[in-house]
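Notes follow once the structure below has been shown.
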Amino acid sequence: MGTDTDGNLVDALILKSKRIGHGFALPKHPYIMQLMKEQGICLELCPISNEILGLTPRVSGHAMYQLLANNVHCTISSDNGTLFRSTLSHDFYQAMVGKAAMGLFGWKQLILWSLRHACLDGAEYDRICRQWKLQWDEFIRWVIEEYGDAPWRNGSSQVEGV
């Protein structure tokens, strides 16, 4: 398989894991990646930790972008924040600046996966998703008003494609 720890990916499948920390080697194993996608297993990505531990020399080379391009469920997580003197916001920032192609659609998908794979009961999940959607729509309206044409000025109440 590659390294000894790559076998942990197979173990996670066999044990029917719902979330996997790091999963950095997953892009090297397309069959396992496909199985994880089919089972909806979520990878917790920790970009700062992976840089500090030497798994990637810089965030632009992080495996997360290949995982996201392959529609693997992912979340951005903070690993050992106290030890690495970093926060979840810092991890998000690193992911954001790592690839210019990481646009609003990618961020929206990461957020939706974060909500879907959080430890929330049904009612709590529904409430948080409704609240988040309102805030997201408000943010998108602000972006369009600030930086581009706003389609709802012509009577449309929805932002298309986002």
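Residue numbering for the sequence shown follows UniProt numbering, beginning at 1 and increasing consecutively. Think of the CB as a built atom: it goes at the ideal place given N, C-alpha and C, for glycine as much as any other residue.
Paired residues, beta bridge with residue i - DSSP
i: Thr75; result: Glu44
i: Arg19; result: Cys42
Own chain partners of residue i with C-beta closer than 7 Å, once the 5 adjacent residues on each side are dropped
i: Phe24; result: Asn50, Leu55, Ala63
i: residue 164; result: No statement about residue 164 is possible, as the shown extent of the chain runs from 1 to 162 and does not include it.
Residue-chain proximity (residue i, chain C), Cβ-Cβ < 8 Å
i: Pro27; result: Absent from the structure: chain C. Only one protein chain is present.
Cut-off 8 Å between Cβ atoms - residues of its own chain near residue i, not counting five sequence neighbours on either side
i: Ser77; result: Gly21, Glu44, Leu45, Cys46, Leu88, Asp91
i: Gln66; result: Pro27
Counted within 10 angstroms of its Cβ, other Cβ atoms place residue i as buried (16 or more) or exposed
i: Phe60; result: First, the amino acid is wrong: residue 60 is Ser here, not Phe. Exposed, because fewer than 16 other Cβ atoms sit within 10 Å of the Cβ of Ser60.
i: Gln94; result: buried
i: Gly98; result: buried
i: Ile41; result: buried
i: Leu9; result: buried
Reduced DSSP secondary structure (H/G/I, E/B, other) of residue i
i: Asp11; result: helix
i: Asp126; result: helix
i: Gly106; result: helix
Own chain residues within Cβ distance below 6 Å of residue i, not counting five before or after
i: Asp137; result: none
i: Tyr31; result: none
Residue i beta carbon near the ligand HEM (any heavy atom closer than 7 Å)
i: Gly122; result: No copy of the ligand HEM appears in this structure; indeed no ligand is present at all.
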